[in-house]
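Just below is one structure, and these are the notes that go with it.
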């Protein structure tokens, strides 16, 4: 299984590094059954994160025809006070540090990323995973209507407004779409992906190596619906 982790200007580093390290370790534990690389819609380049100007390098172009799985992170920037409205429209102007997160996410819509993600979502052989605001990138591109997904708790209303079924859960498995909630959920998402694709023994070995116990129940649309108390 080859996994491409997407970088875009203003990305959140932990959304990328946490699942990348887990999946890379899973590849080692499985003798190469998983490979992972950092990519961007523009191809190989230095990509500046939204956290202190930290830079990671995309070594290849995002290519749904090469990937079995594509993982999309969220953005790192200003959250703002409740009800505070960004002074500029999402996607307008050049990227700069300390912008509002919706502006950073919206700017991805002006790149080739939405078209590439649509290609991935339409391919039954490609699984798309997200961490934190990564699901909002898909939602803002109109790709999550009718799908079950989660995101950071501050973005659940926004996710729901796009036509997605927002679920307040740590991880949501909607078949070929798997989404993680807040930033640190990238660790749990990576471990769940290893268990789902390679089995619990590989996932447990990586969990033990990282000294991290996965949190929360993975939500899936299976079984009886709970009765309200």
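In the numbering used here, the protein residues as written are 240 to 468. Built from N, CA and C at the ideal position, the CB exists for glycine as well.
Query                                                                                                                                                             : Result
In angstroms, rounded to a whole number, what distance separates the CA positions of residue 248 and residue 464?                                                 : 40 Å
Just the Cα atoms here: how many angstroms apart are residue 364 and residue 415?                                                                                 : 8 Å
With a cut-off of 8 Å, do at least 3 Cβ pairs link the region 306-317 to the region 340-359?                                                                      : yes
Starting from residue 419 and walking both ways along the beta strand (DSSP E), at which residues does that stretch end?                                          : 416-419
Express the C-alpha separation of residue 240 and residue 297 in angstroms, rounding to a whole number.                                                           : 19 Å
Less than 8 Å between the C-beta atoms of residue 398 and residue 374, yes or no?                                                                                 : yes
Can you find at least 3 beta carbon pairs, one from the region 247-266 and one from the region 275-292, that sit closer than 8 Å?                                 : yes
By alpha-carbon positions, which one of 409, 403 and 401 ends up nearest to residue 392?                                                                          : 409
In three-state DSSP terms, what is residue 317?                                                                                                                   : strand
If I measure Cβ to Cβ from residue 283 and keep anything under 8 Å in the same chain, skipping five residues before and after, which residues do I get?           : 296, 297, 298, 299 and 300
Tell me which residues share the same chain as residue 369 and place their Cβ nearer than 6 Å to its Cβ, disregarding the 5 neighbours each side in the sequence. : 311 and 418
Unbroken alpha helix (DSSP H) runs of length 4 or more, entirely within the region 419-457: which are they?                                                       : 424-437 and 439-449
Going by the DSSP bridge assignment, what does residue 243 pair with across the sheet?                                                                            : 276 and 309
Per the DSSP calculation, residue 411 is bridged to which residue(s)?                                                                                             : 418 and 458
Taking only the alpha-carbon atoms, compute the straight-line gap between residue 294 and residue 468 and give it to the nearest angstrom.                        : 48 Å
Do residue 289 and residue 315 have their CB atoms nearer than 8 Å?                                                                                               : yes
Give me the DSSP bridge partner(s) of residue 256.                                                                                                                : None, per the DSSP bridge assignment.
Inspect the beta-carbon positions of residue 303 and residue 362 and report whether they are closer than 8 Å.                                                     : yes
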